[in-house]
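Participant: Each residue of the sequence shown is one higher than the one before, starting from 408 at the first, in our numbering.
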Amino acid sequence: MKHHLLAIGFFLSLAFSITACTHSGPDSGSTPGPNKASPSPQLADTDCTTAGRTICTREYKPFLCRAGALEAKGSNRCEAMNVLRSMSCERKLNFVQSDAVCTAANVEAERSQ
């Protein structure tokens, strides 16, 4: 009986952990890491290939994100934001995520061109 209760407890905690780690809202495409806080402006990363990047899930829901004159496409919103963040870094621009506007890309219109 004791072993059954331990096994049930283990599986319940595992299921809760998986749910908590993989759900981050509709159309976000991102999976938050443990204790991942927002990047601090004082701790700017000098490598533009990894500057403030978010780990993204591999779902295909194309998005287009814009911030000022910059525009980036990605397989999902998270990946489009990462591309936009990298483009800003390469141009030595201050990237503010809240200034970015993302919309779902029209995949059918792109295929017909």
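Glycine included, every Cβ here is placed at the ideal spot set by N, Cα and C.
1. Taking C-alpha atoms, which residue in LEU491, ARG460, ALA511 and THR461 lies nearest to ALA474?
2. Between the Cα of THR510 and those of THR457, GLU466, PHE470 and THR464, spot the shortest distance and give me the residue it belongs to.
3. Take GLU497 as the anchor and find which of ALA512, CYS485, LEU477 and GLY481 has the nearest alpha-carbon.
4. Skipping 5 residues on each side, what residues in its chain have a beta carbon closer than 8 Å to that of ALA507?
5. Output the boundary residues of the alpha helix (DSSP H) element that contains ALA474.
Facilitator: By the coordinates alone:
1. Stepping through the sequence shown from its first residue, residue 474 is reached at position 67. Nearest option by C-alpha distance: LEU491.
2. What you label residue 510 is simply residue 103 of the sequence shown in a count that begins at 1. It is PHE470.
3. Position 90 of the sequence shown, counting from 1, holds the residue named residue 497. For GLU497, the nearest C-alpha among the options comes from LEU477.
4. Against the sequence shown, residue 507 aligns to sequence position 100. Correct list, in chain order: CYS472, ARG473, ALA474, MET488 and LEU491.
5. Within the sequence shown, numbered from 1, the residue matching residue 474 stands at position 67. Note, ALA474: premise wrong, no alpha helix (DSSP H); beta strand (DSSP E) at 470 to 474.
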